[in-house]
Amino acid sequence: MKLSIADAAKEAGVTRQTLYKMKEAGKITFEQDARGKHVVDTAELYRVFQPAPSTATKAPEVDNRSEVEIRFLKDQLAESQEMNRRQQATIDRLTQLLEHRPGATPGGTTRAGFWGRLFGKK
Numbered sequence: 118m119k120l121s122i123a124d125a126a127k128e129a130g131v132t133r134q135t136l137y138k139m140k141e142a143g144k145i146t147f148e149q150d151a152r153g154k155h156v157v158d159t160a161e162l163y164r165v166f167q168p169a170p171s172t173a174t175k176a177p178e179v180d181n182r183s184e185v186e187i188r189f190l191k192d193q194l195a196e197s198q199e200m201n202r203r204q205q206a207t208i209d210r211l212t213q214l215l216e217h218r219p220g221a222t223p224g225g226t227t228r229a230g231f232w233g234r235l236f237g238k239k
């Protein structure tokens, strides 16, 4: 996972300036994300700053924004599952239509075709 410089500093318990000084000294490496912003890999951050035992075992806090996002994603999942059920029903119906043999009666016997009925062949 990549962290912004501000988030990495907060996670490590130091200032942003400290991280930049450590980068200049070659003690930590930064990467650039797709937008050209500096980010720090969490493994690199933990290599340099050992995580405190209390923060490593602490459960992440869920804020209101996360709860809203979770609810939204659950709704999307439910809609997607319903759409999949409808599509599967359509596929089943079309498969039955494709497998239908012309002239077949529901009892399984085959009816003679037009010319067979016209000339008496069964």
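In my numbering, the protein residues as written are 118 to 239. Just so it is clear, CB atoms sit at the ideal spot from N, CA and C, and this is done for glycine as well. These numbers come from a predicted model, not from an experiment.
Is the segment 132-152 close to the segment 177-196, with three or more CB pairs under 8 Å? The segment 132-152 is not in contact with the segment 177-196.
Could you tell me the boundaries of the alpha helix (DSSP H) in which residue 191 lies? Per DSSP, the unbroken alpha helix (DSSP H) holding residue 191 starts and ends at 181-216.
Assign residue 124 to one of three DSSP states: helix, strand, or coil. In the structure shown, residue 124 adopts helical secondary structure according to DSSP, grouped into three states.
For the segment 151-166 against the segment 123-132, are there 3 or more C-beta pairs whose distance is under 8 Å? Flag = yes, the segment 151-166 and the segment 123-132 touch.
So, under 8 Å CB-CB, residue 165 and residue 144 are touching, yes? Tell me the CB distance rounded to an integer number of Å. Indeed, because the Cβ distance is near 6 Å, the residues count as touching under 8 Å.
Among the candidates 162, 139 and 141, whose CA atom is the shortest distance from the CA of residue 121? Checking every option, the nearest Cα to that of residue 121 belongs to 162.
Residues near residue 118 by beta carbon distance below 7 Å, same chain, minus five either side: Excluding residues within five positions, the ones whose Cβ falls inside 7 Å are 159.
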